[in-house]
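Step one of this worksheet: look at the structure below.
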Amino acid sequence: MATESASPTAIPRGRGGDALTVAAREIFAERGYHGTSIRDIAKRAGLSLSALYYWHSSKQELFVGLIEDSVNDYFQTCDTALRSCGDDPAERLAAIVRATVDYRVRRRVESTIAAREIRNLEQPHAQRLADLRESATRLFQEIIDEGIARGVFGCAHATDARRAIQASCNAISQWYDPDGDVNPAELADRYVAIAERIVGLTR
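FYI, the numbering for the sequence shown is -6 to 196, going by my numbering.
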């Protein structure tokens, strides 16, 4: 009986780290953190265990790297979007909602892994990620608070508005189908409109 090759394709020199990231993302999504072994990841990547340990000291380190790379991508996406607009709260809310929709569409797998497996982060990684998530919350909250203070938004409950907008955007990764009937740009337009209704845009 034929057996699966441990190295189906040759990994170009210097690209082992990328191969491991791809393999880890796939297997964590399929099996979860505890259902995945370091040997599984090495085999999927087409690398030996010794080669894996050259890049990562443990499964936890690989997991942390995957999550943090994804989260850092989100902040870069938001930063780019917010730098491209002025100080108008409505414009800034639209920018951060579009950035979040874009991220959840592009990073569907990582978003799902984070939502399901975040409890498996060990300290101090768990605290570092919690701090990053709090920073994302503040970005939204400051925009909404500023909009209310300037009379641009008419909602009475700023924190609840922020929670509703973030929750709806974050859930996109759970259902979005790239082969479905709405493209990312159209989806972003819809979610901007939803966010504007939630905050009670006054113009």
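Glycine included, C-beta positions come from ideal geometry on N, C-alpha and C. Since this is a predicted model, take the numbers as computed values, not measurements.
- Ala87 and Arg190 have their C-alpha atoms spaced approximately 12 Å apart.
- For Val185 and Cys162, the gap between their C-alpha atoms comes out near 10 Å.
- The beta carbon of Ala17 is closer than 6 Å to those of Ile34, Leu55, Leu59 in its chain, skipping five residues each way along the sequence.
- Taking a contact to require three or more Cβ pairs closer than 8 Å, the stretch 40 to 49 and the stretch 66 to 81 do not qualify as touching.
- In the displayed model, Leu194 falls within a strand according to three-state DSSP.
- Distance from the CA of Ala151 to the CA of Glu61, rounded to the nearest whole angstrom, comes to 29 Å.
- For Pro82, the enclosing alpha helix (DSSP H) begins and ends at 82 to 99.
- The way I'd put it, the stretch 165 to 174 doesn't touch the stretch 128 to 138; fewer than three beta-carbon pairs between them come closer than 8 Å.
- Contact between Leu13 and Leu45 holds: their C-beta atoms lie close to 6 Å from each other, under 8 Å.
- The alpha-carbon of Arg97 is positioned some 8 Å away from that of Ala164.
- If you compare the alpha carbons of Asn113, Arg37, Arg155, Arg112 with that of Asp138, the shortest gap goes to Arg155.
- Going by DSSP, Cys78 is part of no alpha helix (DSSP H) at all; its letter is neither H nor E.
- Its chain contains Phe21, Ala22 as the residues whose beta carbon lies nearer than 6 Å to that of Ile106, once the 5 sequence neighbours on both sides are disregarded; these appear in chain order.
- Counting C-beta atoms within 10 angstroms of its own C-beta, Gly140 has 16 or more neighbours from the protein chains shown and is therefore classed as buried.
- Around the beta carbon of Thr93, 16 or more other beta carbons lie within 10 angstroms, which makes this residue buried.
- Where Cys148 is concerned, there is no enclosing alpha helix (DSSP H), because DSSP gives it neither an H nor an E.
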